[in-house]
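All remarks here apply to the structure that follows.
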Amino acid sequence: MCESCYHCGEDVPVNTDFNVEILGEIRQMCCPGCESVAQTIVESGLVSYYQYRTAPAEKAELVPEQLRSLIHYDNEDVQAEFVRSSADSKEVTLSLDGISCAACAWLIERKMSNKDGLISMRVNTTTNRALMRWDDSKVKLSDLLSSIHALGYKAAPFEADKQEASYHQTMKQYLYRLGIAGLATMQVMMLAVALYLEVFGNLEPEFKSYFRWVSLIFATPVLLYSALPFYINAWRSLRGRTLGMDVPVSIALIFAYIASLVATVTEQGEVFFESISMFTFFLLLGRFLEMRARRKAAAASGNLLKLIPAIATKVDGTQVPVKTLKLGDRIKVLPGEHIPADGMLLSGRVYIDESMLTGESLPVVKKLSDTVFAGTLNGEEAFELEVVSSKADSMISKIVRLQDEAQLSKPKIAEIADIVARYFVAIILIIAAATWAYWHQSKPDDAFWIMLSVLVATCPCALSLATPTAITCSSSRMGGFGILSRRGHVFETLCKINHLVIDKTGTLTHGDIEIASTETYTNYNETQCLKMAAGLEANANHPIAKAFRSYFDPSMQVSEVRNIIGSGLEGVIEGKQVKIGNARYVLGKSARQSNCVYMAIDGVHAASFYYRDPIRKETADFIAQIRAANIKVTLLTGDSDINASLVANEVGIQDVVSNASPEDKLNFLKSLSDSDITMMVGDGINDAPTLAGAHLSVAMGGGTDVAKASADLVLLGDRLDKLLKARELAIKTRKIIRENLAWSLGYNVLILPLAVAGLVAPYIAVVGMSASSIIVVSNSLRLLKEEK
């Protein structure tokens, strides 16, 4: 039963802690508003109010409804859908409304960094998302969200559908503002033609005054409504003691309007109503097109989550919302349906389309006890599965999170660009003020126009967009062919690697041992020997035992099984004593072959099973292309000299380091010269230290979680040749980032002296500034295009 708020009587939400000491006891409150009002009553010496009141107070409205609703995000059941929990922290991906430039991201990160209990917060201006980690024992999620709201930005847990709806709402508002600015611009421009060109002859003063007042009427809604987003962003920046891109824009608009208003009322001086309207129209148009382009860049990862259906069908036929599924629930997936949750296959042999995860078009065969992933597509057979993870911890959610992490982790060049952009605004304001002062002395009538052009033309929007849009597009593209980038430095380092260090088992090879051939020596044929071997090996769990699973016959009775660790197994099958294992254990002799398992029946050598770890079919070609790119290749493995040499010779690797422990592998990396920029590819727990120590690390998607947690890149489809595509994309990304920076810096270097010299009209400045941002974003969007 919920406790009631002592102040207003409403239910106190679960997992909240708002309280005030009243009349000697701690009283529970339902929200910060009631807590604040009750504390004020107590501190004012009016505590007797609570003794004599006859009914609960009205709900305290000190906190807006949207902020009070944030308290519900502290509920653990609500958090289960979108919060990832670890031993010492919680993590959530947030959608942010109101982000317009790098200064907004910097402001949020800077202000939130002072919050007790917040571990980290990183904002991506391209996707309008943030990744936040906090200590739930020190601060509640609702408090952190409230702090973001207090800065003037709306924040809520990221949901693809809600962000899509928010985007459409924002775009609709931009269209309204754009429409009003466009209509006003046409009307005011016609009046401006009459005023400045006097096409109707010499206008009488009363007509000039009339045209100015009409222009004022048209320009006022543009200034107060259409340009409102610029003022809001500028106010957020100033309140946070920083300078965003919209500060000079807002100053220019307000100054122009005030000067024009004074000129209209006093009938002295020039008016700039057409410049205000045109300025706002072009700015909004540029921002509108920029938002559309940035959304296209950010849509790929968010669209993955839309593949998870909203409704799941349980095995009893009842349909339930996917977000209510619990671990252990059993659900049924019909042919052609998207799988609603990560789960373990309970029936049949089915084909699953995992192209959205791996980039591979061919369906994957899944058998009993295999894992299937939410969002992947079922083939032609219905099947049942057991839910093994929540939506927040599903593979598809992890992919979106990893892509966000990569985009949030800024390369050094992006950090430098953000700092330059921030200080550039301050420099521009100083130059604009100096420009006005200079021209006011020589040409007072033109001083304001020239200052306006300086403020607008040099806004460094394009500079702040140059790198993040390219990184976002590249991360989305890389995810499209089955590679997840987890670090921002990936694209820089991929271009520089000159030494590939690669593991053998599970990397160059599949890591799944298979029986290559069988030799028999008694009356028992190959099939009978394989079934006997499978019956015994079913009682073991080592890699070689798994190679016999496909030959297992459940009708075969196996008893009195003994597992001799490191040697083999023995048991009774059909009254016969059967042993399987190494040569010394089974035959009493030293090993004849390094890749062979022996079986004896009643002490007589009955069969030899030769096994192998098959090499991936693309491995040899991958190594050849890597070497053709003048990249040195080293095979670094813990396997024996013989096995390592066999694989190395087959795929074309000359430098081999074998019998290496995890410590040996790390020491090998440390022993390399400083000129070696290494890329390490591995899949096992023993590769984790080496992966963490390499300049760039790649984990196979089928590898251990420990390896993937240590890696910069995760190769979902286990196709090594995809790394070649990743390197090509990285080189193209570097080129486009350089083009973006060259354009944005070059534009500002060129336009600034022209604007200061009075050679750039305000409307040209607006077009130039908007065009530069659109060019940078459009250039980055080239990374999303498929190569022909």
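Quick note on numbering: the numbering used here labels position 650 of the sequence shown as 650, and the sequence is numbered without any gaps. We put the beta carbon where it would ideally sit given N, CA and C, even for glycine. Just so it is clear, the structure is predicted and the values come from calculations on it, not from any experiment.
Exposure label - residue i; buried when at least 16 CB within 10 Å
{"i": "Asp11", "result": "exposed"}
{"i": "Met29", "result": "buried"}
{"i": "Ala227", "result": "buried"}
{"i": "Lys785", "result": "exposed"}
{"i": "Gln79", "result": "buried"}
{"i": "Gly717", "result": "buried"}
{"i": "Met451", "result": "buried"}
{"i": "Met679", "result": "buried"}
{"i": "Asp602", "result": "exposed"}
{"i": "Met186", "result": "exposed"}
{"i": "Leu368", "result": "exposed"}
{"i": "Glu519", "result": "exposed"}
{"i": "Gly571", "result": "buried"}
{"i": "Gly768", "result": "buried"}
{"i": "Thr16", "result": "buried"}
{"i": "Pro468", "result": "buried"}
{"i": "Ile803", "result": "Residue 803 lies beyond the residue range present for the chain, which begins at 1 and ends at 788; the question has no answer from this structure."}
{"i": "His695", "result": "buried"}
{"i": "Val776", "result": "buried"}
{"i": "Val760", "result": "buried"}
{"i": "Asp446", "result": "exposed"}
{"i": "Asn740", "result": "buried"}
{"i": "Pro444", "result": "exposed"}
{"i": "Tyr6", "result": "buried"}
{"i": "Ile774", "result": "buried"}
Beta-carbon gap between residue i and residue j smaller than 8 angstroms
{"i": "Ile736", "j": "Leu783", "result": "yes"}
{"i": "Val425", "j": "Thr634", "result": "no"}
{"i": "Ala341", "j": "Ser275", "result": "no"}
{"i": "Gly638", "j": "Asn659", "result": "yes"}
{"i": "Asn498", "j": "Lys632", "result": "yes"}
{"i": "Gly328", "j": "Leu385", "result": "no"}
{"i": "Leu536", "j": "Val558", "result": "yes"}
{"i": "Tyr351", "j": "Val372", "result": "no"}
{"i": "Ala470", "j": "Ile515", "result": "no"}
{"i": "Asp97", "j": "Lys154", "result": "yes"}
{"i": "Leu178", "j": "Phe288", "result": "yes"}
{"i": "Pro614", "j": "His510", "result": "yes"}
{"i": "Phe230", "j": "Ala256", "result": "no"}
{"i": "Leu636", "j": "Val657", "result": "yes"}
{"i": "Ala755", "j": "Thr280", "result": "no"}
{"i": "Ser744", "j": "Ser772", "result": "yes"}
{"i": "Thr733", "j": "Phe481", "result": "no"}
{"i": "His338", "j": "Gly375", "result": "yes"}
{"i": "Leu715", "j": "Met700", "result": "yes"}
{"i": "Val188", "j": "Ser113", "result": "no"}
{"i": "Val387", "j": "Ile331", "result": "yes"}
Continuous beta strand (DSSP E) stretch holding residue i: start and end
{"i": "Asp655", "result": "655 to 657"}
{"i": "Ile497", "result": "Looking at the DSSP string, Ile497 is not in any beta strand (DSSP E), and its letter there is neither H nor E."}
{"i": "Leu257", "result": "Before going on, a small fix: residue 257 reads as Tyr here, not Leu. Here Tyr257 belongs to no beta strand (DSSP E); instead the alpha helix (DSSP H) covers 246 to 266."}
{"i": "Ala150", "result": "Run containing Ala150: none in the beta strand (DSSP E); it sits in the alpha helix (DSSP H), 141 to 150."}
{"i": "Arg133", "result": "129 to 134"}
{"i": "Asn563", "result": "558 to 564"}
{"i": "Asp329", "result": "Per DSSP, Asp329 belongs to no beta strand (DSSP E) and is neither H nor E."}
{"i": "Ser485", "result": "483 to 485"}
{"i": "Lys632", "result": "632 to 636"}
{"i": "Phe18", "result": "18 to 22"}
Which residues DSSP lists as bridging residue i, in chain order
{"i": "Asp353", "result": "Leu377"}
{"i": "Asp512", "result": "Note: Asp512 sits in no beta bridge, so no partner."}
{"i": "Ser215", "result": "Ser215 pairs with nothing; no bridge assigned."}
{"i": "Met112", "result": "According to DSSP, which records beta bridges pairwise, Met112 is partnered with nothing at all."}
{"i": "Thr242", "result": "Thr242 pairs with nothing; no bridge assigned."}
{"i": "Ile850", "result": "For residue 850 there is no data in the structure shown, the boundaries of the chain being 1 and 788."}
The alpha helix (DSSP H) enclosing residue i, as first and last residue numbers
{"i": "Tyr747", "result": "722 to 756"}
{"i": "Gln577", "result": "Where Gln577 is concerned, there is no enclosing alpha helix (DSSP H), although the beta strand (DSSP E) it sits in stretches over 576 to 581."}
{"i": "Val651", "result": "641 to 651"}
Closer than 7 angstroms: residue i CB and nearest the ligand GTP heavy atom
{"i": "Glu537", "result": "This structure lacks the ligand GTP, and indeed carries no ligand of any kind."}
Query raised in the report: Between the stretch 618 to 627 and the stretch 646 to 653, do three or more beta carbon pairs fall short of 8 angstroms?
Result: Yes, the stretch 618 to 627 touches the stretch 646 to 653.
Query raised in the report: Given 8 angstroms as the limit, is there contact between the stretch 311 to 328 and the stretch 205 to 213, that is, 3 or more CB pairs closer than that?
Result: no
Query - Contact the stretch 84 to 102 vs the stretch 111 to 129: 3+ CB pairs below 8 angstroms - result: yes
Requested in this report: Could you tell me whether the stretch 472 to 488 touches the stretch 661 to 678, where touching means 3 or more Cβ pairs closer than 8 angstroms?
Outcome: no
Query raised in the report: Touching or not, the stretch 139 to 153 and the stretch 234 to 247, by the rule of three or more beta carbon pairs under 8 angstroms?
Result: yes
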